[in-house]
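What follows is a single structure, written as structure tokens, with notes after it.
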Amino acid sequence: AIVANDRFVPWFIRLGGRAAVFDNSEADIYARRLSDPARARASTMLYRSYLRTASDIFIRRRYRHEHLTVPTLLVFGAEDFYVPRSYITGWQSHAAHMRVEFVPGCGHFLPEEHPELAELETLAEVEG
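First residue of the sequence shown? That's 158 in this note's numbering, and the numbers climb one at a time after it.
Below is the structure:
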């Protein structure tokens, strides 16, 4: 019921002072999609799965003996309200071929805030 409320989504996606990312009409598009009970439930279940995964990683330490072996680029917004930079720690001994980059001036919604990054293989192309 909360997710389906037409005021929830615009409020939620603007947390952390990122209101300029979505104007009123864009926020309304997201809100309308989630006014459908089936979509609201699916969204809720998706975020619950994220919480279960986070619990497995941070509390149960379920993957402590696993290693990521493929080359990986993990990109976050430097100003992400939902996944703060301080959360992105401790991966180095589990992912020797992973690089983490933070997009300056960007929050949680990378595709909306910096759509040009979708075509890049590295942020060095943005800086260079």
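Each residue gets a CB set at the ideal place from its N, CA and C atoms; glycine is no exception.
Bear in mind the structure is a predicted one, so any value in this text is a computation, not a measurement.
- Query: Does DSSP put G285 in a helix, a strand or coil?
  - Reply: The sequence position of residue 285 within the sequence shown is 128, counting from 1. Bear in mind that the predicted position of G285 carries a pLDDT of just 46, short of 50, making it too unreliable to give a figure here.
- Item | E258: first and last residue of the uninterrupted beta strand (DSSP E) it sits in | Within the sequence shown, residue 258 is the residue found at index 101, counting from 1. First-last of the beta strand (DSSP E) with E258: M255 to V260.
- Item | Limits of the unbroken alpha helix (DSSP H) element including V227 | As a first step, residue 227 must be located in the sequence shown, where it is residue number 70. Per DSSP, V227 belongs to no alpha helix (DSSP H) and is neither H nor E.
- Rank L191, Y207 and E236 by C-alpha distance to the C-alpha of R175 and give the top, closest one. Position 18 of the sequence shown, counted from the start, is the residue given in the question as residue 175. Nearest option by C-alpha distance: E236.
- Query: Is it true that the CB of R256 sits closer than 7 Å to the CB of L274?
  - Reply: Numbered from 1 along the sequence shown, position 117 holds the residue referred to as residue 274. Numbered from 1 along the sequence shown, position 99 holds the residue referred to as residue 256. Not closer than 7 Å, so no.
- Query: Mapping DSSP to helix, strand and coil, what is S166?
  - Reply: Your numbering for residue 166 matches position 9 in the sequence shown. One detail in the question is off: residue 166 reads as Val in this sequence, not Ser. V166 falls in the helix class under three-state DSSP.
- Query: Given I214, which residues of its chain have a CB within under 8 Å of its CB, disregarding the five upstream and five downstream residues?
  - Reply: Your numbering for residue 214 matches position 57 in the sequence shown. Result list for I214: Y220, in chain order.
- Message: Going by DSSP, what residue range makes up the alpha helix (DSSP H) through I214?
- Response: By 1-based counting over the sequence shown, the position of residue 214 is 57. Note, I214: alpha helix (DSSP H), P194 to F215.
- Query: What separation, rounded to the nearest whole angstrom, lies between the Cα atoms of I131 and L225?
  - Reply: Absent from the structure is residue 131, since the part of the chain shown begins at 158 and ends at 285.
- Query: Roughly how many angstroms separate the alpha carbons of Y239 and H222, rounded to a whole number?
  - Reply: To locate residue 239, count along the sequence shown from 1; it is residue 82. To locate residue 222, count along the sequence shown from 1; it is residue 65. The alpha-carbon atoms of Y239 and H222 are separated by roughly 27 Å.
- Message: How far does the alpha helix (DSSP H) with S250 in it extend, from its first residue to its last?
- Response: For this step, residue 250 is matched to residue 93 along the sequence shown. No alpha helix (DSSP H) contains S250, which DSSP labels as neither H nor E.
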